[in-house]
Structure formats: structure tokens, C-alpha cells
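In terms of numbering that gives the first Met the number 0, the sequence shown has 261 at position 262, counting the first letter as 1, and numbering is strictly consecutive. Structure first, then comments.
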Amino acid sequence: MSEANEPLTALLLNAIENVLEEGSIAALATLTNAPKNIGTKILFPESGPVVGSFGDVALDQAVAQGAAKFLAARDAAHLFQVSDFAPELIEWAEASILFERLEPEPRLVICGAGHVGAALAHLATLTGYQAALIDDRASFVVRDRFPDDRIELIAAENWSDAVRRAIGNGRGVSVAVVTRGHNEDEECMRAVITTNADYVGLIGSKRRTNIVLDRLRAAGTEFEKLRKVHAPIGLDIGAVTPEEVALAILAEMVAVRRGGTGGPLSSWRRESSKKSKQVR
Numbered sequence: 000m001s002e003a004n005e006p007l008t009a010l011l012l013n014a015i016e017n018v019l020e021e022g023s024i025a026a027l028a029t030l031t032n033a034p035k036n037i038g039t040k041i042l043f044p045e046s047g048p049v050v051g052s053f054g055d056v057a058l059d060q061a062v063a064q065g066a067a068k069f070l071a072a073r074d075a076a077h078l079f080q081v082s083d084f085a086p087e088l089i090e091w092a093e094a095s096i097l098f099e100r101l102e103p104e105p106r107l108v109i110c111g112a113g114h115v116g117a118a119l120a121h122l123a124t125l126t127g128y129q130a131a132l133i134d135d136r137a138s139f140v141v142r143d144r145f146p147d148d149r150i151e152l153i154a155a156e157n158w159s160d161a162v163r164r165a166i167g168n169g170r171g172v173s174v175a176v177v178t179r180g181h182n183e184d185e186e187c188m189r190a191v192i193t194t195n196a197d198y199v200g201l202i203g204s205k206r207r208t209n210i211v212l213d214r215l216r217a218a219g220t221e222f223e224k225l226r227k228v229h230a231p232i233g234l235d236i237g238a239v240t241p242e243e244v245a246l247a248i249l250a251e252m253v254a255v256r257r258g259g260t261g262g263p264l265s266s267w268r269r270e271s272s273k274k275s276k277q278v279r
């Protein structure tokens, strides 16, 4: 670990930039309400060297374990007392650690610029996603249709190369395959399935999506990779219009990214009401 000193600020900033540029994630831990070194920070990348120190090896090691659990929980930020995870560190018992999650802006790669793809691209930009819209029909990915320059438009000579380039290393990337037919779906999926995208969804009926997945399985795609594909894509909200379908898709993506269940928040009230009636 690096020593805690003045140059650490520049070192931390550089390390944070590297994490984000690489498309990785990290936990930034800040020491608060402590007997000393208040405001000192440590960066815990998911992979790579730790940057910083609180000036106490035992505390640093305990916080490292806390950082790993924090990242696994997918929270944006959380304030812990040291006594919560390291009660043996008496000197630091009243100190607090603020964990903050650092990650690149979420990206959405959309294969297919039809009605659903177009609606999804527009909706995604409203919720903080960087959207890339790909189609092999150049006339479908033009600024006349998509004046919002936050949407990257990609005319693909072939789906595979365009899709792989758009996805990159896959960190923070969701992919929605919403093309015009299962042949195009299959071509896109052959490329997508080889990447490390965080989320992959395939539009279509159960029959249509099964055709594509069965072909991929027959071509030798690993079962585990196919199991992670959300097909049919989206949450069941009774969607009918392209905009509603886009909403259902984006809702599922956010649920996966944030660790949500996708269920109604009011379900606890109904369960509580049932139990109350049973008691009576």
C-alpha cells in the first residue's frame, strides 16, 4: 500500500482515472469521525494494487475486507463504523469508514434500430446510459432519425465486428439484441456471446428466442453462457407499444445492474395484510 502523504491526492486521482478508463470498478474508502487521519482515503480496485493507507496496517487490512463485501453488495455508498466489521480494533472502535462505489458510466449497445431499438436508445439516455445503436441498414442509423448526439450511431457492414467493437471489454455494458428477425438475432448473438457484457437480452417470443439459442448451442456455445441470456428480454409489464417494450427492457437492465428483484415495492404491504387476516 502507498504511504499516506500529500502526493497521495494526485496518486489517487490518477488511480481513479485508470480504473474508469479500463472500465473496471473500485471502492473508495474515506476515514471519518476518527481519532486521527480524518479524511484519509484508500482506493480498493476490484483488480489491481491498493492505493493509499490509513496509517495502521491492521485497520487497512480490515477495511480491505470490508471493501470487498461492499463491492459485492452493489451499493452506491455506505457508511460503516469500524466496530461493525473489526471490533477487535479498540483504538478505532468509534471511527467510521465511508465506502463509495466507483464505476464507469453504464453503456447500452443496441443491435437493431427498428421501433423498439429506437425507443430504447432514447429512453436509455434519459436514465444515464451511453447508448450505441447498431444496424446493418445504413439508412436506419442517421441523424435525421436520431438528432440526440448522445446516441452513437453505427452502420454495420457486418454485425460481428461492429458489435464486438461497441462492447469492448464488457464492463458496465448491457446489450439488447432487438433486430428485425431471428437470422439477424443469431448473427448478433454469435458475437455478443463471446464478450463479457454484464447483461445480454434477446427480444422475441419464446419460440423465436429458443430457435436462436438452440442454434448457438448446436454450434458449441457453452451452456453457462446461454443460461445468462435474458430471453425473452425484459420484465413482464404487459408491454404492447415499442415504447412500453423499451421500458420493460430498461427496467430489467437496471434491476440486474443495481441488484433489484424486479418485483413490486408494495408486495410487503399485501403480505403484511395476509398475515394480519390470518391472525384474526
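Glycine included, C-beta positions come from ideal geometry on N, C-alpha and C.
Under the rule that 16 or more other beta-carbon atoms within 10 Å means buried, what is PRO48, buried or exposed?
Indexing the sequence shown from 1 puts residue 48 at position 49. By the neighbour-count rule (16 or more Cβ atoms within 10 Å), PRO48 is not buried but exposed.
Within 10 angstroms of the Cβ of LEU212, are there 16 or more other Cβ atoms? Answer buried if so, exposed if not.
Within the sequence shown, residue 212 is the residue found at index 213, counting from 1. LEU212 should be labelled buried.
Which partner residues does ALA33 have in the DSSP bridge list?
The residue labelled residue 33 in the question sits at position 34 within the sequence shown. Its beta-bridge partners do not exist; DSSP assigns none.
With a CB to CB cut of under 8 Å and the five nearest residues on each side skipped, what residues in its chain are close to ASN36?
Numbered from 1 along the sequence shown, position 37 holds the residue referred to as residue 36. Excluding residues within five positions, the ones whose Cβ falls inside 8 Å are ALA3, LEU30, PHE53 and GLY54.
Closest residue to HIS121 among ASN195, GLU20, ILE248 and ILE202 (Cα-Cα distance):
The residue labelled residue 121 in the question sits at position 122 within the sequence shown. Out of ASN195, GLU20, ILE248 and ILE202, ILE248 has the C-alpha closest to the C-alpha of HIS121.
Expressed to the nearest angstrom, what Euclidean distance is found between the alpha-carbon atoms of ASN209 and SER266?
Here residue 209 refers to the residue found at position 210 when the sequence shown is read from its first residue. Here residue 266 refers to the residue found at position 267 when the sequence shown is read from its first residue. For ASN209 and SER266, the distance between alpha carbons rounds to 32 Å.
Figure out for me which residue from ILE202, GLY262, ASN182 and ARG256 has the closest Cα to the Cα of ALA71.
As a first step, residue 71 is located in the sequence shown; it is residue number 72 there, counting from the start. Comparing Cα-Cα distances from ALA71 to each of ILE202, GLY262, ASN182 and ARG256, the minimum goes to ARG256.
Below 8 Å on the Cβ atoms is my contact criterion, and I expect GLY111 with VAL199 to pass it. Report the Cβ-Cβ distance as a whole number of Å.
For the purposes of this step, residue 111 is taken as residue 112 along the sequence shown, with counting starting at 1. For the purposes of this step, residue 199 is taken as residue 200 along the sequence shown, with counting starting at 1. 14 Å between Cβ atoms; not a contact.
So for ALA3, helix, strand or coil by DSSP?
On the sequence shown, residue 3 is found 4 positions in, with the first residue counted as 1. With a pLDDT of 46 at ALA3, under the threshold of 50, the modelled position of that residue is not reliable, and no figure is offered here.
For ASN182, which residues of its own chain have a beta-carbon under 7 Å away from its beta-carbon, when the five flanking residues on both sides are left out?
Counted from its first residue, the sequence shown places residue 182 at position 183. Closer than 7 Å at the Cβ level, and outside the excluded window around ASN182, lies no residue.
Measuring only the C-alpha atoms, how far is GLU5 from ALA137?
As a first step, residue 5 is located in the sequence shown; it is residue number 6 there, counting from the start. As a first step, residue 137 is located in the sequence shown; it is residue number 138 there, counting from the start. Because GLU5 sits at a pLDDT of 45, beneath the cut-off of 50, its placement in the model cannot be relied upon, and the following sentence gives the value as read from the coordinates. Rounded to the nearest angstrom, the two C-alpha atoms are 53 Å apart.
6 Å Cβ shell around SER159 - same chain, five flanking residues per side excluded
Walking along the sequence shown from the start, residue 159 turns up at place 160. For SER159, where only same-chain residues beyond five positions count, the Cβ hits under 6 Å are ALA190.
Chain-order list of residues whose beta-carbon lies under 7 Å from that of GLY242 (same chain, five-residue window excluded)
Walking along the sequence shown from the start, residue 242 turns up at place 243. The sequence shown places Glu at residue 242, rather than the Gly named in the question. Once the five neighbours on either side are set aside, the close Cβ partners of GLU242 are ALA118.
When you compare each of PRO34, VAL141, GLU104 and LEU27 to GLY169 by their alpha carbons, which one comes out closest?
For the purposes of this step, residue 169 is taken as the residue at position 170 of the sequence shown. The candidate whose alpha carbon is nearest that of GLY169 is GLU104.
Grouping DSSP H, G and I as helix and E and B as strand, with all else coil, what is ILE96?
Counting from 1 along the sequence shown, the entry for residue 96 is found at position 97. ILE96: strand per DSSP, three-state reduction.
With H, G and I counted as helix, E and B as strand and the rest as coil, what does DSSP make of ASP55?
Mapped onto the sequence shown, residue 55 falls at position 56. The answer is coil: DSSP assigns ASP55 none of H, G, I, E or B.
If you run the structure through DSSP and keep just helix, strand and coil, what is GLU251?
Position 252 of the sequence shown, counting from 1, holds the residue named residue 251. Residue state, collapsed to three classes: helix.
Collapsed DSSP secondary structure at ARG257 in the structure displayed:
Residue mapping note: residue 257 aligns to position 258 of the sequence shown, counting from 1. Reduced to three states, the DSSP call for ARG257 is helix.
For ASP143, report the span of its beta strand (DSSP E) as first-last.
By 1-based counting over the sequence shown, the position of residue 143 is 144. Counting along the chain, ASP143 falls outside any beta strand (DSSP E), and DSSP gives it neither H nor E.
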